[in-house]
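Each residue of the sequence shown is one higher than the one before, starting from 1 at the first, in the UniProt record's numbering.
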Amino acid sequence: MAEDKEAKHGGHKNGRRGGISGGSFFTWFMVIALLGVWTSVAVVWFDLVDYEEVLGKLGVYDADGDGDFDVDDAKVLLEGPGGLAKRKTKAKGLKERYPSERTFPPEEEAETQAELEEHAPEGADIQNIEDEVKEQIQSLLQESVHTDHDLEADGPAGEPQPEVEDFLTVTDSDDRFEDLEPGTVHEEIEDSYHVEDTASQNHPNDMEEMTNEQENSDPSEAVTDADMLLPHAEEIRHQDYDEPVYEPSEHEGVEISDNTIDDSSIISEEINVASVEEQQDTPPVKKKKPKLLNKFDKTIKAELDAAEKLRKRGKIEEAVNAFEELVRKYPQSPRARYGKAQCEDDLAEKQRSNEVLRRAIETYQEAADLPDAPTDLVKLSLKRRSERQQFLGHMRGSLLTLQRLVQLFPSDTTLKNDLGVGYLLLGDNDSAKKVYEEVLNVTPNDGFAKVHYGFILKAQNKISESIPYLKEGIESGDPGTDDGRFYFHLGDAMQRVGNKEAYKWYELGHKRGHFASVWQRSLYNVNGLKAQPWWTPRETGYTELVKSLERNWKLIRDEGLMVMDKAKGLFLPEDENLREKGDWSQFTLWQQGRKNENACKGAPKTCTLLEKFSETTGCRRGQIKYSIMHPGTHVWPHTGPTNCRLRMHLGLVIPKEGCKIRCANETRTWEEGKVLIFDDSFEHEVWQDASSFRLIFIVDVWHPELTPQQRRSLPAI
């Protein structure tokens, strides 16, 4: 029994111990481990292995023709039996080794590895790094026998491939300047268009991937009362680098106060539109890696990489000098010229310089014009040129660039979509309409083309025809369709034809972050302002202005009536397509914070009275005007363009009954000599069913919670 017990524990019945004991095994394990550690240390510190030389020799296995052996080549070579498992292992190793989002080309990987070795602590950390490097090189060498596979293939169809781009195919991006709202925007206009530069939240200069995404130019706020549109793009004071601007965040919302109206009365049903989260969860379409090097540029790739490395590391001035030297040495190099344009673009942003940006725009053109420029480089250069021209407000120049792009790449519908936007920015809706008709003839399900085509139809007052295009375009979930303007116009069109689904789309727009609420649908918003449909003078803090208006209402009325009596056409018909029927005209004294001197000659005492109140005369997002409405007039439900103002109505000539205004879900009437105050960013509607005209005086004021700095710097509407 004792013998059995001893044998069970590894002993020998004559007293000698058999096999390796636990202690001996541990001792040998530690010895081997220490030898491995010190061997690795020796390899690193004494530079026994030249990894750059090893990687250089692997260039013979260059599979994608870019002049070196990189991860993309390895992916091709590893597509043999068992390649998937090995590829996953290597991808995991690379991911652990470079946890940051940036990826580096082989040249920079080697440099980074050298830096790690130079500063690495002794011990296990060094061994981990060296083991991973050796394992990857060993695996690559072992798998190189699979060269019988198609070296141009990226892998099995449908199988996602881990991508590590080289410096000449930049993939990481920084948030750069967003095109802010335009400086001067005509209010409540239906026949023109303005786009926000969503073109990217990723800087297009760094996005050198050929994508199918539509880069809809969108600044942070879209113009709207009836339309967020501009009649003539040339009239806009576009943002440039020389102009100080207040920078609201993209899609600024509004915090609704406790006393705001209740949306619960609006019935909300499910709408078949993929949520933003669902769209994000959709597997991305595999993107084609652009080819930016021609045969000559491949011979100078090392020099191009070195210059690009400076740019990617934020050493913009050094990068500019490096690329300028390359252009001097190799004037025939498209990639060097393109790199110079990118650096100038970055430098313009850094220095906020329009002059430097104009140089970049010209250099992009030069890069695209060079002989033997790769088609991908031509497309990227001209697209970026067009975007930067739009940034500076050079809409006609941008349109010419877009026209050239479409001529060079006639089958690319995304470029045609961009061209349509270019026409809209110039107010040429007819040309834009033709472009989108061409796109829809070729790709009938193009959501971007549909929403813009519907947008144009609505601007042409083809309300019923616009609805299916806007609806199907939004439902497509295509890039560029999840835009507050399209929800706005779809709901507005539905309201005008009596379709009760309008508020479902407003609700969806609210859930998507485009509207502050179902009722408050302005798009030029500043975050955090108190929001309620109706206000009292005390709540606004403008009690002195209100008292002055009410004390002098007869003076204001009499000057307005005198202007009406003059047959000079000073009262101009409302031309913003807000009326269902009737006659509604206005006589404007101040517009966007600017006094109309000629108009004030017709109402001099009224203008003198107002000049002491800067909250209204300096309100660059509002107006001061007389408004006359004749019997039988109905104004469609609509919203103002911004939450940055409040609107005062002073009753001057008010019929005893038949005139009323609804804001949100509360309806009120005017009184002569009394001021009503409401927030016109909330939906409001007007009826004039009296037997005589109604005359009121409209005075817009800054929202009381805006700071002095915001009042000075917010662009005008």
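All C-beta atoms in this analysis are idealised placements derived from N, C-alpha and C, irrespective of residue type, glycine included.
- The DSSP-derived three-state label of S627 is strand.
- Taking C-alpha positions only, A516 is separated from P334 by approximately 48 Å.
- The C-beta separation of L695 from I628 comes to about 5 Å, placing the pair in contact by the 8 Å criterion.
- Distance from the CA atom of K625 to the CA atom of F587, rounded to whole angstroms, is 5 Å.
- Taking 7 Å as the cut-off, the beta carbon of A368 is found closer than this to the beta carbon of S381.
- Taken atom to atom, the span from the alpha-carbon of K450 to that of R485 is near 14 Å.
- In this structure, L570 keeps its C-beta atom at 7 Å or more from the C-beta atom of K605.
- Close CB contacts of R311 within its chain, under the 6 Å cut and outside five residues either way in sequence, are with A319, C343 (chain order).
- Q532 carries a coil assignment under DSSP once its states are collapsed to helix, strand and coil.
- V686 carries a strand assignment under DSSP once its states are collapsed to helix, strand and coil.
- If you ignore the 5 residues before and after D680, its C-beta comes within less than 6 Å of the C-beta of G640, R647, all in its own chain and listed in chain order.
- In the structure shown, F587 falls within a strand segment according to DSSP collapsed to helix, strand and coil.
- Residue range 502-511 is occupied by the alpha helix (DSSP H) that includes L508.
- Between the segment 486-502 and the segment 464-471, the count of Cβ pairs shorter than 8 Å is three or higher; the stretches touch.
- Of all C-beta pairs linking the segment 476-493 to the segment 452-459, three or more are shorter than 8 Å, placing the two stretches in contact.
- Annotation: E671 to Q532 spans about 22 Å, alpha carbon to alpha carbon.
- By the neighbour-count definition (other C-beta atoms within 10 Å, threshold 16), E437 is an exposed residue.
- Y524 has T642 as its beta-bridge partners, per DSSP.
- About 10 Å separates the Cβ atoms of L650 and G560, ruling out a contact at the 8 Å cut-off.
- In the three-state reduction of the DSSP assignment, P479 falls in the coil class, being assigned neither a helical nor a strand state.
- DSSP places L695 in the uninterrupted beta strand (DSSP E) bounded by 694-702.
- The DSSP-derived three-state label of F678 is strand.
- In this structure, DSSP gives R404 a helical state, which the three-state scheme calls helix.
- Boundaries of the beta strand (DSSP E) harbouring T667: 666-668, taken from the DSSP string.
- Taking the C-beta atoms as reference points, E580 is found no nearer than 7 Å to V701.
- DSSP places P708 within a helical segment (H, G or I) once states are collapsed to three.
- A residue is called buried when at least 16 other Cβ atoms come within 10 angstroms of its Cβ; M30 does not meet this threshold and is exposed.
- DSSP places K289 outside any beta strand (DSSP E), giving it a letter other than H or E.
- In this model, E465 and V497 are separated by some 11 Å (Cα to Cα).
- In the DSSP secondary-structure assignment, E672 is bridged to G651.
- The C-beta of R337 has 16 or more other C-beta atoms within 10 Å across all chains shown, which makes the residue buried.
- One alpha carbon belongs to F448, the other to Y506, and they sit about 20 Å apart.
- The alpha-carbon of N417 is positioned some 16 Å away from that of G477.
- Between the alpha carbons of L549 and H634 lies a gap of roughly 27 Å.
- Here S24 is exposed: its Cβ has fewer than 16 other Cβ atoms, across all protein chains shown, within 10 Å.
- Y330 and D297 have their C-alpha atoms roughly 9 Å apart.
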